[in-house]
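As you go down the protein sequences, you meet chains A and B in turn.
Read in order, the letters of the first sequence are residues 1 to 398 in full-length UniProt numbering.
Read in order, the letters of the second sequence are residues 1 to 398 in full-length UniProt numbering.
By construction, the Cβ of each residue, glycine as well, lies at the ideal position given by its N, Cα and C atoms.
What follows is a single structure, written as structure tokens, with notes after it.
2 protein chains.
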Amino acid sequence: MTSASTPSLPGQLNPTPRLLLGPGPSDLHPRVVAAMTTPLLGHLDPQFLLLMSETQEMLRAVFQTRNELTLPISATGSGGMEACLVNLLEPGDRALICVAGYFGERMAEMARRCGAEVHVEQESWGKTFSPDRLREALRRVRPKVLGIVNAETSTGAWQDISFLGALCREFDALAVVDCVTSLGCTPVAIDTWQIDAAFSCSQKGLSCPPGLAPLTFGPRALEALYRRKSPVRSWYFDLTALRSYWGTERVYHHTAPITMIYALREGLRLVLEEGLEARFERHQRHARALRAGLEALGLRTLAEESCQLPQLHAVLLPDGVNDVQGRKRLLEEFGIEVGGGLGEYKGRVWRIGLMGYNSRTNCVFQVLAALEKVLIDCGVHCSRGSGVAAAEAFYASS
Amino acid sequence: MTSASTPSLPGQLNPTPRLLLGPGPSDLHPRVVAAMTTPLLGHLDPQFLLLMSETQEMLRAVFQTRNELTLPISATGSGGMEACLVNLLEPGDRALICVAGYFGERMAEMARRCGAEVHVEQESWGKTFSPDRLREALRRVRPKVLGIVNAETSTGAWQDISFLGALCREFDALAVVDCVTSLGCTPVAIDTWQIDAAFSCSQKGLSCPPGLAPLTFGPRALEALYRRKSPVRSWYFDLTALRSYWGTERVYHHTAPITMIYALREGLRLVLEEGLEARFERHQRHARALRAGLEALGLRTLAEESCQLPQLHAVLLPDGVNDVQGRKRLLEEFGIEVGGGLGEYKGRVWRIGLMGYNSRTNCVFQVLAALEKVLIDCGVHCSRGSGVAAAEAFYASS
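Set out below in structure tokens:
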């Protein structure tokens, strides 16, 4: 229904409270909510410029990089992906994109939109790529850019990227990494691993609302950017201009999303107050508790244990559980959101996220209790007893 | 300074309160601030999907259109400009861009990035285009798209677009309008004026934070979109996909910036509660009060009176007033932000905005009092007496 006349107005916002334990967004940290109520500064106010610099400096710490070109793109995570690719790829450039899930496919599609000649290295969903396999593909394709997903949000699989920078250098390729689901949850060591370009989002490991895409470009990516033969096809994502805005020149480009920057700054402060190592350890700890519970309930995950992300588990649904009805019950009876499956796993997995602020004991217990109730009501035989009890036992013993 | 080690952390957010009377962002309405503290829903939660629909329906009312494809782009106003152009222009298409200020230039540059053959119709900054002149240009260029700015943020000039749709139809061109500074302040009657595509922002007339770009596409624009020979170059801004996400299919595209949508929904509720006509009248009223005060201070504006926007005045600086020092005093002594000039008017004008929530008596008095103090201290002879008194007299008599 559409109408040009004034509609009867919707009422005051009053959504039912949820616990967001899906693949993101994750719940906001209360301090992030408070930060967003801070009165606006103008986007060229000297005090705001200082906040921008502070935000960049903390982003560098979280990305573990000294890259000068480190900033939040004024768009969601997918905008960060587009910003990476559209700045590095020109029409006719070869791109090697590693696909083992939904977001690898997205990267391949975006690279095509950039006019690149895209070679897809395909793996089954939930699997990962070995250094040998990638070396072979690099040798065959000789791409300008190798794109890969560090934490595949559709499968919960962790792709090791620690070897990637060195490997890409052997073939003079740029390593571009999707860190949307990893940043703030699992290590992202841009400089140590010699990653040339990476992007992330605000609404998962950083416990902020969706709307910003942290991005970092290293020296080789920067060189490729300035060696382009054609202007960057996107004005909005053009990093040569964004660099002048976020750099010392402060040349106006677009109006920064001020409230979102406030949120990100607070989210980053929280990450660094906790400390990266402590934060990664916390994610591992609560993931182990969750897994103890899932095992007790007889549930398995899509990804193999060796590459299972701590912040996101894609749990295979047992026979007898209806995806849509089950998630509806979780949402309506328990106020818990988990994610459904994507692509070929639609209807076959539930994606449970314990990210950032939500990687904590209460969330583990709540989701296990609710899962157990729903499964038992569906007639699933939870062979090894209570999930909550198993998680409790884990916490007690660790 | 960059460092890969943990930096000493910046402190809690604590900016000095400002009154934002520049070209935007403008201050948030308090109800918008409250709306942003609402706990997150997931972006695929049925309750959030309903909020999306409500937001679209209110956006239609504010754009005065029945266009189904009416939605907020997940980017700032410039992202909305890019979304309009990248969806409508293919490489080699002719675009006629009308330039009489900074944002007309931006539109021309973006159209070039889309691969279009761009013809610029140039006018002096602060002037506007007549129907005859545009007819002549359309006849000469025969473009696919005519791009024009309804409210030029760099000059404060109002461009009449009421005739544009009919005129463009004579030449089978699409009328694309930048409504960034007009929506919520001055009339934007998309359907009556037969505008084919338009975009705006969240941080001016709608009193929300920057970060969203309301956009609307009419039937002819939609037809052009689906007749494209090549895929839209941008994945992020591809309206064929965004239409499926925001339409009844709800096909996941990217994670909507939930908190920003909460803010926009509340900003739109405020607009429609007030009523469009009452809101436009309010903007006119406080603009007249401001102008009475500016005249008393002997100040002139860049735009001619016949095309002066009520929501934004570019005031020419009198001799003896240093731009940067003067704005610094306004900011630091009075807590008031006004905008500096852009392009050839850098250092020569101050841009004073009375937009949305900030179009009110208090703001008029505050900015006139501060201006008067700064001008007198610079030795400017304010010939006709007090600006505040003149505004008071206007309010008393109207």
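{"Item": "Using 8 Å as the Cβ pair cut-off and three pairs as the minimum, do the segment 291-299 of chain A and the segment 228-237 of chain A touch?", "Value": "no"}
{"Item": "Using the beta-carbon of each residue, which ones in chain B are nearer than 7 Å to methionine 110/A?", "Value": "Trp235"}
{"Item": "Return the chain-ordered ranges of every alpha helix (DSSP H) run that is complete within the segment 137-218 of chain A and spans a minimum of 4 residues.", "Value": "164-170"}
{"Item": "Is it the case that the Cβ atoms of proline 39/B and leucine 264/B are separated by a distance below 7 Å?", "Value": "no"}
{"Item": "Go ahead and pull the three-state DSSP assignment for phenylalanine 394/B.", "Value": "helix"}
{"Item": "Taking 7 Å as the cut-off, decide whether the C-beta atoms of serine 26/B and proline 257/B are in contact.", "Value": "no"}
{"Item": "List the residues of chain B that glutamine 47/A touches, going by C-beta distances under 8 Å, in chain order.", "Value": "Pro15, Thr16"}
{"Item": "If you scan the segment 258-340 of chain B from start to end, which runs of the alpha helix (DSSP H) of 4 or more residues do you find wholly inside it?", "Value": "258-274, 276-296, 323-334"}
{"Item": "When DSSP builds the beta bridges, which residues end up paired with alanine 95/B?", "Value": "Val118/B, Val145/B"}
{"Item": "Which chain B residues sit within Cβ distance under 8 Å of proline 209/A?", "Value": "Leu40, Pro257, Ile258, Thr259, Met260"}
{"Item": "Is the CB of threonine 240/B under 7 Å away from at least one CB in chain A?", "Value": "no"}
{"Item": "Going by alpha carbons, who is nearest to methionine 110/B out of Val141/B, Gly77/B, Asp132/B, Arg133/B?", "Value": "Gly77/B"}
{"Item": "Between which residues of its own chain and alanine 61/A is the CB-CB distance below 7 Å, once the five residues before and five after are set aside?", "Value": "Leu272"}
{"Item": "Could you tell me the distance, in whole angstroms, from the CA atom of alanine 241/A to the CA atom of proline 46/A?", "Value": "20 Å"}
{"Item": "Report, in whole angstroms, the separation of the C-beta atoms of tryptophan 350/A and leucine 317/A, which I expect to be a contact under 8 Å.", "Value": "6 Å"}
{"Item": "With a Cβ-Cβ cutoff of 7 Å, do leucine 354/B and histidine 253/B count as a contact?", "Value": "no"}
{"Item": "Would you mind telling me which residues of chain B sit closer than 7 Å to alanine 166/A, beta carbon to beta carbon, in chain order?", "Value": "Ordered by position in chain B, no residue passes the 7 Å Cβ test against alanine 166/A, which lies about 18 Å from the chain."}
{"Item": "Assuming the contact rule is C-beta atoms closer than 8 Å, serine 154/A and leucine 21/A should be a hit. Round their C-beta distance to whole Å, please.", "Value": "Actually they do not touch by this definition, with Cβ atoms about 16 Å apart."}
{"Item": "According to DSSP, simplified to helix, strand and coil, what is leucine 69/A?", "Value": "strand"}
{"Item": "By Cβ distance below 8 Å, which residues in the same chain neighbour glycine 80/A in space, the five residues on each side in sequence not counted?", "Value": "Ile73, Val180, Phe199, Ser200, Cys201, Ala213, Pro214, Leu215"}
{"Item": "With a threshold of 7 Å between beta-carbons, can glutamate 337/B be considered close to chain A, or not?", "Value": "yes"}
{"Item": "Nearest to arginine 112/A by CA position, among Ile195/A, Arg94/A, Leu239/A, Ala390/A, is which residue?", "Value": "Arg94/A"}
{"Item": "Do leucine 49/A and arginine 18/B come within 7 Å of each other at the CB atom, strictly closer than that value?", "Value": "no"}
{"Item": "In terms of alpha-carbon separation, which member of Leu89/A, Ile195/A, Glu105/A lies closest to asparagine 67/A?", "Value": "Ile195/A"}
{"Item": "Interface residues of chain A around glutamine 194/B at Cβ under 9 Å?", "Value": "Here the premise fails: no neighbours, minimum Cβ distance about 13 Å."}
{"Item": "Contact between the segment 163-178 of chain B and the segment 201-210 of chain B: three or more CB pairs below 8 Å?", "Value": "no"}
{"Item": "Where are the alpha helix (DSSP H) runs, 4 residues long or more, that stay fully inside the segment 20-46 of chain A, in chain order?", "Value": "30-36"}
{"Item": "Taking the beta carbon of histidine 29/A as the centre, do at least 16 other beta carbons fall within 10 Å, making it buried, or is it exposed?", "Value": "buried"}
{"Item": "In its own chain, which residues sit with a C-beta less than 8 Å from the C-beta of glutamine 284/A, not counting the 5 before and 5 after it?", "Value": "Pro310"}
{"Item": "From which residue to which residue does the beta strand (DSSP E) around glycine 353/A run?", "Value": "349-353"}
{"Item": "List the residues of chain B that threonine 76/A touches, going by C-beta distances under 7 Å, in chain order.", "Value": "Ser74, His254, Thr255, Pro257"}
{"Item": "Measuring alpha carbon to alpha carbon, tell me which of Val188/A, Leu134/A, Ala197/A ends up nearest glutamate 170/A.", "Value": "Leu134/A"}
{"Item": "Specify, as a first and last residue, the run of the alpha helix (DSSP H) that valine 374/B falls within.", "Value": "361-377"}
{"Item": "At a CB distance below 8 Å, what residues from the segment 364-386 of chain B approach chain A? Give them in sequence order.", "Value": "none"}
{"Item": "Would you say valine 188/B reaches chain A, if we count a Cβ-Cβ gap shorter than 7 Å as a contact?", "Value": "no"}
{"Item": "Round the Cβ separation of proline 10/A and arginine 269/B to the nearest angstrom and send it over; I've been treating them as touching at under 8 Å.", "Value": "7 Å"}
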